[in-house]
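Report on one structure; see the data block that follows.
Numbering (the numbering used here), first residue to last: 10 to 344.
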């Protein structure tokens, strides 16, 4: 029954994804400038060459037909061809997904590692100095824009202290045989530990930049939810039965307190995957976000459309995953 509901939710998300795709399609064409001239740049192409490229990209067709050609191509597994990158769009996206996912997972891991203990410990001592200090720090973390924090971290830890590299995924002295596209995992699988530590050093500052706001939001939600759950009668009953305090917190309180935290986490993960364009640009991280930014500037329509569709799909899947986790944490909740 649950699987049927998951399939129904997936089918129901198709109109949402198509709606996003159509909006992006028309907004991209509202941008000023001739995309063919921008793509050809200073190559001094002749008028016939420009017309040939325009026909190749179907830019000479009416907009509804261009939209139909793009959507029908999607159902055939054809995302189009990037004239700017001179490569199929599907290949471009598949190349840039592993760096983006690796960066996002590192940010999520760091955020949970910080937020979970901080949220629980502050809820056990509300009003204490530790509680006030950490919540003030969380407010600061939420308030700082990613690009500003990234620049500060680069100046302090990369430029002045020299502890970490400023950009890229790996130093020029190292090479890692590609297995999965995730450099840290590939280094472990191939036993290249020197390259692994270099990849971790490249990953740490961008992941921190991306994960600080997420950790701050999550810590505040966990604290608030724990405070509410700890006042519930079943928690009082568990204590009255002599259940150890650690078991009360972990087994009885934390599991129920995680439901709102999971909601926030799901939405934040979707935001991290879709909103890492600035961070990837600042750190020259060769991921999907950086590809989208460069494609917008070069009017590479097909790349932007395909990437936005992928972002929309990511949001849908993140929301669906959150709902499935709900039913695990509280079986009374229906999917």
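Here a beta-carbon is modelled for each residue, glycine too, at the ideal position from N, C-alpha and C.
**Asked** Roughly how many whole angstroms lie between the Cα atoms of residue 7 and residue 125?
**Response** For residue 7 there is no data in the structure shown, the boundaries of the chain being 10 and 344.
**Prompt:** If you compare alpha carbons, which of 293, 321, 140 and 188 is closest to residue 24?
**Reply:** 321
**Asked** Cα-Cα, which of 79, 233, 18 and 208 is closest to residue 310?
**Response** 79
**Prompt:** From this set, 291, 313 and 315, which residue's C-alpha is nearest residue 177's C-alpha?
**Reply:** 291
**Request:** Quickly, what does DSSP pair residue 176 with across the bridge? List them, please.
**Result:** Paired residue(s): none; residue 176 is not in a bridge.
**Message:** Would residue 218 and residue 282 be called neighbours here (beta carbons separated by less than 8 Å)?
**Reply:** no
**Message:** My output table needs one value for residue 64: the three-state DSSP class, helix, strand or coil.
**Reply:** helix
**Helix, strand or coil at residue 307 according to DSSP, with G and I counted as helix** = coil
**Request:** Express the C-alpha separation of residue 90 and residue 20 in angstroms, rounding to a whole number.
**Result:** 28 Å
**Prompt:** Helix, strand or coil for residue 181 per DSSP?
**Reply:** coil
**Coil, strand or helix - residue 152 by DSSP** = helix
**Prompt:** Which whole-angstrom value describes the C-beta separation of residue 102 and residue 227, a residue pair presumed to lie in contact below a C-beta threshold of 8 Å?
**Reply:** Contact doesn't hold; Cβ gap of about 29 Å is too wide.
**Request:** Measure the Cβ-Cβ separation of residue 116 and residue 229 and say whether it is below 8 Å.
**Result:** no
**Message:** If contact is defined by three or more beta carbon pairs under 8 Å, each pair taking one atom from either stretch, is the segment 206 to 216 in contact with the segment 164 to 179?
**Reply:** yes
**Prompt:** Is there contact between the segment 301 to 309 and the segment 81 to 95, where contact requires at least three CB pairs shorter than 8 Å?
**Reply:** yes
**Item:** Beta-carbon spacing of residue 40, residue 299 below 8 Å
**Value:** no
**Prompt:** Mind checking whether residue 238 and residue 266 have CB atoms under 8 Å apart?
**Reply:** yes
**Message:** By DSSP's criteria, residue 320 is part of a beta bridge. Which residues make up the other side?
**Reply:** Answer is none; residue 320 lacks a bridge partner.
**Asked** What residue range is occupied by the uninterrupted alpha helix (DSSP H) comprising residue 194?
**Response** 192 to 198
**residue 334 versus residue 43: straight-line alpha-carbon distance, rounded** = 47 Å
**Prompt:** Just reading off the alpha helix (DSSP H) that residue 75 is part of, what are its end residues?
**Reply:** 72 to 84
**Message:** Check whether chain B comes within 8 Å of residue 241, counting only Cβ atoms and requiring the distance to be less than that.
**Reply:** Absent here is chain B; the protein component of the structure consists of one chain.
**Item:** Neighbour-count burial assignment, residue 202, 16 or more Cβ in a 10 Å radius
**Value:** exposed
**Message:** Are the CB atoms of residue 323 and residue 275 within a distance shorter than 8 Å?
**Reply:** no
**Item:** residue 72, buried or exposed, once every other Cβ within 10 Å from all chains shown has been counted against 16
**Value:** exposed
**Asked** Taking all protein chains shown into account, do 16 or more other C-beta atoms lie within 10 angstroms of the C-beta of residue 69, making it buried, or fewer, making it exposed?
**Response** exposed
**Message:** Is it buried or exposed, residue 105, if we count other Cβ atoms within 10 angstroms and call 16 or more buried?
**Reply:** buried
**Asked** In angstroms, rounded to a whole number, what distance separates the CA positions of residue 56 and residue 173?
**Response** 49 Å
**Message:** Just to confirm my understanding: we take residue 316, look at its own chain, exclude 5 residues before and 5 after, and list those with CB closer than 8 Å. What are they?
**Reply:** 102, 297, 300, 301 and 304
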